[in-house]
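Visitor: As numbered in our numbering, residues -9 to 667 make up the sequence shown, in order. Pasting a structure here, questions to come.
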Amino acid sequence: MADYLNIFFIILTMFVSIVTSNHCEPCQSTNIIDLSDCNIHSLSEAINKSCTSARSAQILNLNGNFITNISSDDFKMQDNTGYFWQLSELKISNNSIYHVDENAFLTLLVLEYLNLSYNNMKELNNGILKNKPALRTVDFSYNQIDIIGTQVFTKHHYALKEVYLTHNKLVSMEPWPYIPPYLLKFDVSYNLIMNFTNKMNWTYDLEEPYQASVDLRHNQFTFWNDGFFQQYNPTDKEFYNDIVTYNVDLRDNPWFCDCKLHEVSRRLQKSFIKYSDLRFEVKCNGPPELHGESIADVDLSDLICNVTKDCPQNCLCQDKPDDNMFHVNCNNGGHTSLPSQLPENRYKRLKLEMNNNQIKTLSSRNYTSYITELSMSGNGLQEVEFEAIENMEAHVRLNLENNNLQSIPENIQFKTPYEKTKLRINPFKCTCDMVWMAEWINFAPEDNTNRDIQCTHEKDDVYKIREVTESLLNCTYDVAIGLTIGFAILLTLVIVAVVWAKRCPYETKVILYRIFRYHPWDKYRVDRELVAEYDAYLSFDDTNIYIRQWVLRKFVKRLEEEKPCYKFFVPIRNLIPGEDKADGIINNMEKSKRVIIILSNEYDENEWCKFECQRAEILEMNKGRIIFIKYHPEADNMIENEPWKSRVKGRKVFSPGEKKSERRWFWGKIKYELPTK
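Spelled out as structure tokens, the structure:
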């Protein structure tokens, strides 16, 4: 028996030897050259084995050899024509290729199929598929590729249908599948991809789904980011509607289902797509309580984020998109005051729980206006500050039960109805200052269990707060005292106002105008008769950089931007280039209700300033059209001499000045003198 086996193996060995020698025989003369598993170490060796058939072969199989490198000269002849110029299929799988030169396949113009799978390639350079108008399928699977040039896949690949990049080391996904116009399959499964990028600067330009089916299964996507697809179409606020058009399969990734996935999941659950497209059967890998849940079926209220940045010690901070709210739970945390800072709140709505701490005072914080629900039961709370309640939004829910409150601010009734407030188990005192609570409580529904909270009067008497009245507490005397004090204060204010008005009549008119926007006595005819384009024309020495900066960056900026908004003509800013300057000054000054002359130490030395001043005097219809502002104290010397002495005589000259009193009244006086808005 052993002899027969030996004979069989000898015959088998001879047969394999014959077949192998024929299979790897040099100078094959056929359209199909099969040099697979032939111990070939370079393309030049393969070309030598194929001899003259290298010019006519259509299929070249080099699988299972030991080729390590493909240079840009391997497929070129000495006359720069190409070997295998009729080649339609090139298979170099299962080799040891780690590098392919730029333009290595440039001469293979009719290539339709390229297989470089199972090698050691780390990069696809921009030229690797250049000038391949007939190329239909490329396979780079099972390599070490972590870099792909931005020009590898272009709109010139009209025939390209399939791209295989599975089992590589890519860490990000560029919009490669959306460039070749007729691509059908783009497989990047089993990589290390964890986000989408756009180094190619590609822009979404399609309403219907792209043809390419993009396989992104078995990658490292963990956290959803709205920017994944928004970066391709940043102007579209409804980019969620576009996600389906990208044809991506994101299943079998370690998705962590938190608040970032909420909007995607919410829209998917409302869409018919979840019933018709298996690609959206994305399942949660974490957190543990959601493991295995589909995002198309998960309870949306479970999609929350635990936020640690700026979260106070011993607190749990959670972003809850399904409630459209940020929730902070600091119960039993040993706190003695409200946190000074909380995490950023994108909703501007906050539920804050501070039960069972040692907080004695409810004070206002920079987040108080965001509070929609506040619970501070069991703190020993003794005081609720007026400002804390005043800074809250309306309809806030408050739980202040089981504390040491003897009273609460009256403004609480304007922030929330009583049925949204819990005040039981507090030692309230029956005083005249809390009588307002009775009406507030009585507005609550009769079945509200908190309607019967009580207060204590003079140690022994206990009343239901909703039944407490002023007469019950004998508050009339206190009211009389209050009215007397109020009247005395009012009388004092009136006396002070009268004395002030007598001593400072002009400043009094400025104050009245500032408060009521009303000119009590002054009436300017120009304001009634002139339909003007500008409120004022500004005349100043624009050669002085300090005056120029003060006028443009402070005076004009403030009065043109603050309400009421004025409109000024500033020659250096508004004159049209090329226009005759003198004509421009005359025309625009006539279109202005006021002319503001800003006096400086060299104003009278500027010829254009002198011209503007002369034109302003010609246009003067009545006192009030020209307003003088003294910018430099040195201008005093100028206005003490003629002709300026006569010009300013009997007129007010304002100054932003060095004195505090001048600065305090300056802007109010200027607005008073300008046309009434």
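Built from N, CA and C at the ideal position, the CB exists for glycine as well. This one's a predicted model, so the numbers in the text were calculated from it and none came from an experiment.
#1: With distances taken from CA atoms, which of D129, K120, N121 is nearest I107?
#2: How would you call W426, buried or exposed, if buried means at least 16 neighbouring beta carbons within 10 angstroms?
#3: Does the Cβ of K668 have 16 or more other Cβ atoms within 10 Å, making it buried, or fewer, making it exposed?
#4: Whose CA, out of E602, D239, V643, K635, lies closest to the CA of F618?
#5: Closest by CA to D289, which one among Q141, L258, E580?
#6: With which residues is H295 paired in a DSSP beta bridge?
#7: How many angstroms separate the CA atom of C14 from the CA atom of Y168?
#8: Cα separation between I135 and Y154?
#9: Under DSSP, the alpha helix (DSSP H) around M427 begins and ends at which residues?
#10: Could you give the residue range of the beta strand (DSSP E) that holds M315?
#11: With a threshold of 6 Å on Cβ separation, who are the neighbours of L98 within its own chain once the five nearest residues in sequence on each side are excluded?
#12: Our contact map puts E391 next to S367 with C-beta atoms below 8 Å; I'd like the distance itself, whole angstroms only.
#13: Could you check the C-alpha separation between M579 and W598 for me, to the nearest Å?
#14: From D195 to P171, what does the alpha carbon distance come to, in whole angstroms?
#15: Any idea if Q308 is buried or exposed, counting beta-carbon neighbours within 10 angstroms, 16 or more meaning buried?
#16: For V452, count neighbouring C-beta atoms within 10 Å of its own C-beta (all shown protein chains included) and say buried if the count is 16 or more, exposed if not.
#17: Let me confirm a value: E343 is counted as buried when at least 16 other C-beta atoms fall within 10 Å, else exposed. Which label applies?
#18: Whole angstroms is fine: what's the gap from K454's alpha carbon to M424's?
#19: Please work out which residues of its chain come closer than 8 Å, Cβ to Cβ, to D525, disregarding the five sequence neighbours upstream and downstream, and give them in chain order.
#20: With distance defined between alpha-carbon atoms, name the residue in I87, N116, N93, D91 nearest to N105.
#21: Span of the alpha helix (DSSP H) holding V638?
#22: Take I294 and list the residues in its own chain whose beta-carbon comes closer than 7 Å to its own, dropping the five residues that flank it on each side.
#23: Can you tell me whether Y662 is helix, strand or coil according to DSSP?
#24: Would you mind working out which of N591, T411, C445, E448 sits nearest P435, comparing C-alpha positions?
#25: Going by DSSP, what residue range makes up the alpha helix (DSSP H) through A675?
#26: Buried or exposed for Y593, please, with buried defined as at least 16 other CB atoms from any protein chain shown within 10 angstroms of its CB.
#27: Any beta carbon from chain C within less than 7 Å of K454's own beta carbon?
#28: In terms of residue numbering, what span does the beta strand (DSSP E) encompassing H447 cover?
#29: Mind checking which residues open and close the beta strand (DSSP E) that includes V452?
#30: Since Y536 is in the beta strand (DSSP E), which residue starts that stretch and which ends it?
#31: Expressed to the nearest angstrom, what Euclidean distance is found between the alpha-carbon atoms of P277 and F246?
#32: Give me the Cβ distance between N296 and G323, rounded to the nearest whole Å; I'm assuming they're in contact under 8 Å.
#33: Going by DSSP in three states, Y527 sits in which element: helix, strand or coil?
#34: So the candidates are I415, I233, L462; which of them puts its Cα closest to the Cα of R441?
#35: On the DSSP letters alone, give me the boundaries of the beta strand (DSSP E) that I183 sits inside.
#36: For A606, count neighbouring C-beta atoms within 10 Å of its own C-beta (all shown protein chains included) and say buried if the count is 16 or more, exposed if not.
Guide: Per the coordinate set shown:
#1: Counted from its first residue, the sequence shown places residue 107 at position 117. The amino acid at residue 107 is misidentified as Ile; the sequence shows Ser. Residue D129 is the option with its Cα nearest to S107.
#2: Within the sequence shown, the letter at position 436 stands for residue 426. Exposed, because fewer than 16 other Cβ atoms sit within 10 Å of the Cβ of W426.
#3: This structure does not reach residue 668, given that the chain is present from -9 up to 667, and the question cannot be answered.
#4: Here residue 618 corresponds to residue number 628 of the sequence shown, with the count starting at 1. Per the Cα distances, V643.
#5: Here residue 289 refers to the residue found at position 299 of the sequence shown. D289 has its Cα closest to that of L258, out of Q141, L258, E580.
#6: What you label residue 295 is simply residue 305 of the sequence shown in a count that begins at 1. The sequence given here places Cys at residue 295; His does not occur at that position. Bridge partners of C295: D309.
#7: Looking up residue 14 in the sequence shown gives position 24. Looking up residue 168 in the sequence shown gives position 178. Cα to Cα, the separation comes out at about 42 Å.
#8: Locating residue 135 in the sequence shown gives position 145, where the first residue counts as 1. Locating residue 154 in the sequence shown gives position 164, where the first residue counts as 1. So the two alpha carbons sit approximately 12 Å from each other.
#9: For the purposes of this step, residue 427 is taken as the residue at position 437 of the sequence shown. Run containing M427: 426 to 432, per the alpha helix (DSSP H) assignment.
#10: For the purposes of this step, residue 315 is taken as the residue at position 325 of the sequence shown. M315 -> beta strand (DSSP E) spans 315 to 319.
#11: For the purposes of this step, residue 98 is taken as the residue at position 108 of the sequence shown. Excluding residues within five positions, the ones whose Cβ falls inside 6 Å are L77.
#12: Stepping through the sequence shown from its first residue, residue 391 is reached at position 401. Stepping through the sequence shown from its first residue, residue 367 is reached at position 377. Contact flag correct, Cβ pair sits at about 5 Å.
#13: Mapped onto the sequence shown, residue 579 falls at position 589. Mapped onto the sequence shown, residue 598 falls at position 608. Rounded to the nearest whole angstrom, the C-alpha separation of M579 and W598 is 13 Å.
#14: Position 205 of the sequence shown, counting from 1, holds the residue named residue 195. Position 181 of the sequence shown, counting from 1, holds the residue named residue 171. Each residue's alpha carbon lies about 12 Å from the other.
#15: Mapped onto the sequence shown, residue 308 falls at position 318. Buried, by the Cβ-count rule.
#16: One-based indexing of the sequence shown puts residue 452 at position 462. Flag for V452 reads exposed.
#17: Locating residue 343 in the sequence shown gives position 353, counting from the first residue. Buried is the call here.
#18: As a first step, residue 454 must be located in the sequence shown, where it is residue number 464. As a first step, residue 424 must be located in the sequence shown, where it is residue number 434. Going from the Cα of K454 to the Cα of M424 covers about 12 Å.
#19: Position 535 of the sequence shown, counted from the first residue, corresponds to residue 525. Exclusion of the five residues before and after D525 leaves Y556, K557, F558, S582, K583, R584, L664, P665 as the residues of its chain whose Cβ lies within less than 8 Å of its Cβ.
#20: The residue you call residue 105 lines up with position 115 of the sequence shown. The shortest C-alpha separation from N105 is found at I87.
#21: Residue numbering aside, residue 638 sits at position 648 when the sequence shown is read from its first letter. Looking at the DSSP string, the run of the alpha helix (DSSP H) that includes V638 is 634 to 638.
#22: Here residue 294 is taken as the residue at index 304 of the sequence shown, counted from 1. Around I294: D248, C249, Q308, D309, K310.
#23: On the sequence shown, residue 662 is found 672 positions in, with the first residue counted as 1. Three-state DSSP puts Y662 in a helix.
#24: The residue labelled residue 435 in the question sits at position 445 within the sequence shown. Nearest to P435 by alpha-carbon distance, out of N591, T411, C445, E448, is T411.
#25: Because the chain is modelled from -9 through 667, residue 675 falls outside the range shown and cannot be assessed.
#26: Within the sequence shown, residue 593 is the residue found at index 603, counting from 1. It is buried - the Cβ of Y593 has at least 16 other Cβ atoms within 10 Å.
#27: Looking at the structure shown, chain C is missing, and only one protein chain is on hand.
#28: Here residue 447 refers to the residue found at position 457 of the sequence shown. Counting along the chain, the beta strand (DSSP E) containing H447 begins and ends at 444 to 447.
#29: Position 462 of the sequence shown holds residue 452. That run of the beta strand (DSSP E) goes 451 to 454.
#30: As a position in the sequence shown, residue 536 is number 546, starting the count at 1. Careful: Y536 lies outside any beta strand (DSSP E), inside the alpha helix (DSSP H) at 535 to 540.
#31: Here residue 277 corresponds to residue number 287 of the sequence shown, with the count starting at 1. Here residue 246 corresponds to residue number 256 of the sequence shown, with the count starting at 1. It is roughly 6 Å from the alpha-carbon of P277 to the alpha-carbon of F246.
#32: Counted from its first residue, the sequence shown places residue 296 at position 306. Counted from its first residue, the sequence shown places residue 323 at position 333. In fact, because the Cβ distance is near 16 Å, the residues do not count as touching under 8 Å.
#33: If you number the sequence shown from 1, residue 527 lands on position 537. Reduced to three states, the DSSP call for Y527 is strand.
#34: Along the sequence shown, read from residue 1 onward, the residue named residue 441 stands at position 451. Minimum Cα distance to R441 is reached at I415.
#35: Position 193 of the sequence shown, counting from 1, holds the residue named residue 183. Per DSSP, I183 belongs to no beta strand (DSSP E) and is neither H nor E.
#36: Against the sequence shown, residue 606 aligns to sequence position 616. It is buried - the Cβ of A606 has at least 16 other Cβ atoms within 10 Å.
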